[in-house]
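Novice: Mapping to numbering that gives the first Met the number 0: the sequence shown position 128 is 127, numbers consecutive.
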Amino acid sequence: MKNSTKPFEPRTKLLARALAILAGLIFFLIVVGGLVRNLGAGLSCPDWPLCQGEIIPQFDLRVFAEYFHRLFAAAVSTLTLVLSVVIFIKPEFRSKLGRPALLALGLLFSQVILGGLTVLKLLQSEIVTLHLATGTLFFGTVLYMALKSKTLGSKPSGVGHRRLFELGVFTIGAIYVQIILGGIVSSHYAGLACPDFPTCNGKWWPTMTGNIPYQVIHRLGAGTVFLVTIYFALKLINSKKFKPKAVPIILALFVQIGLGIANVLFRLPVPMSVAHLAVAECLIALILMSTYEIRYS
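#1: Just list the residues that DSSP pairs E53 with in beta bridges.
#2: Answer yes or no: do A40 and A64 have a C-beta to C-beta separation smaller than 8 Å?
#3: Can you list the beta strand (DSSP E) stretches of 3 or more residues lying completely in the region 56 to 86, in chain order?
#4: Please return the same chain residues whose Cβ sits closer than 6 Å to the Cβ of V227, not counting the five positions on each side in sequence.
#5: Just confirm the distance between the C-beta atoms of A232 and I256, as a whole number of angstroms; I'd bet it's less than 8 Å.
#6: Excluding five sequence neighbours on each side, which residues of the same chain lie with their C-beta closer than 8 Å to the C-beta of G190?
#7: Where does K297 land, buried or exposed, given buried means 16+ other C-beta within 10 angstroms?
#8: Quick one, which of I25, F92, Y66, Y175 has its alpha-carbon nearest P9's?
#9: Is the region 46 to 57 touching the region 75 to 88 in the sense that three or more CB pairs, one from each, lie closer than 8 Å?
#10: To the nearest angstrom, report how far apart L129 and L106 are at their CA atoms.
#11: So, is M207 buried or exposed, given that buried needs 16 or more other C-beta atoms within 10 angstroms?
#12: In the DSSP assignment, what residue or residues form a beta bridge with C199?
#13: Could you have a look at L143 and say whether DSSP puts it in helix, strand or coil?
#14: Counting Cβ pairs, one atom from each stretch, are 3 or more of them under 8 Å apart for the region 19 to 28 and the region 141 to 148?
#15: Under DSSP, the alpha helix (DSSP H) around S238 begins and ends at which residues?
#16: Specify, as a first and last residue, the run of the alpha helix (DSSP H) that Q110 falls within.
#17: Taking the straight line between their C-alpha atoms, what separation do you get for Y295 and L166?
#18: In chain order, what residues of the same chain have a beta carbon less than 8 Å from the beta carbon of A103, not counting five sequence neighbours either side?
#19: First and last residue of the alpha helix (DSSP H) that includes G190?
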């Protein structure tokens with residue numbers, strides 16, 4: 000039995016590393032997308048798949064940002080397709096990773112279509128938000144595959160930790176919804192609809208006109224996510240076994256809250272706005288990794 004599994008161990012390790020690299024690249028792609036958005040470069044290439052009618056256009060900062068985003072997306076797509084082929088042609092991989100690989104491919108193709116529509120529909124808010132939502136789901140799926148590839152021979156355990164696992168899943172969902180709410184705020188240019196904090200236009204409950212509701216709902220969502228995530232982190236600490244997992248989650252959470260407040264007070268500086276998105280994606284990744292470990296501990 001041991002002899003039959005040994006030949007596959009190097010392949011499994013290589014696949015796990017490749018999937019981890021892919022997850023990192025997708026994370027970086029999402030951050031670059033946030034940079035494009037915050038630079039106002041989404042229509043610097045007003046056509047698709049060409050850019051200004053050319054394969055290689057004349058560059059300025061905004062054109063370069065959008066062009067680089069497209070090239071990087073093509074690289075991520077290629078690597079995703081290659082790893083999917085590897086998974087499907089190897090029975091030992093296909094049996095465990097086939098379904099999430101199919102989901103990843105579906106999300107990838109959806110993301111490509113949404114990327115094109117984002118340009119062709121002139122940054123329509125619903126498409127921009129859906130583009131972010133799909134990208135985050137794509138990132139989470141590949142990260143899950145990377146984690147699962149390291150435990151191909153393991154079965155879910157989590158004996159005595161079922162409630163903690165369910166709380167982790169709920170926390171992931173809450174953060175994912177909050178990321179979507181942030182995308183709605185950004186795509187409706189509502190980041191400064193409330194130019195002060197903690198009040199909004201000097202009021203604790205402002206008049207819901209214009210883009211103000213998007214900002215108010217995002218702030219309420221942030222408060223909810225803060226409480227849910229802190230509760231999950233405290234449960235990790237109380238479990239003792241998973242206590243070390245709580246520290247980076249708490250740090251990322253407080254950094255994220257600080258960035259959210261600072262974005263309002265400093266009028267949405269580009270580096271700070273991009274960092275706000277990056278830390279949100281880091282937070283959901285940290286909780287996903289912790290929840291997966293709880294499941295397979």
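Ideal Cβ positions, reconstructed from N, Cα and C, are used throughout, including at glycine.
Specialist: So, to answer that:
#1: C50
#2: yes
#3: none
#4: T170, A173
#5: So it is not a contact: roughly 13 Å between Cβ atoms.
#6: V184, Q214, N262, V263, L267, S272
#7: As displayed, the chain neither begins before 0 nor continues past 296, which places residue 297 out of reach and without an answer.
#8: F92
#9: no
#10: 11 Å
#11: exposed
#12: K202
#13: A small fix is needed here, since residue 143 is Tyr in this sequence, not Leu. In this structure, Y143 counts as helix in the three-state DSSP scheme.
#14: yes
#15: 211 to 238
#16: 90 to 119
#17: 15 Å
#18: T79, S83, F137, T140, V141, M144
#19: From DSSP, G190 is part of no alpha helix (DSSP H); its letter is neither H nor E.
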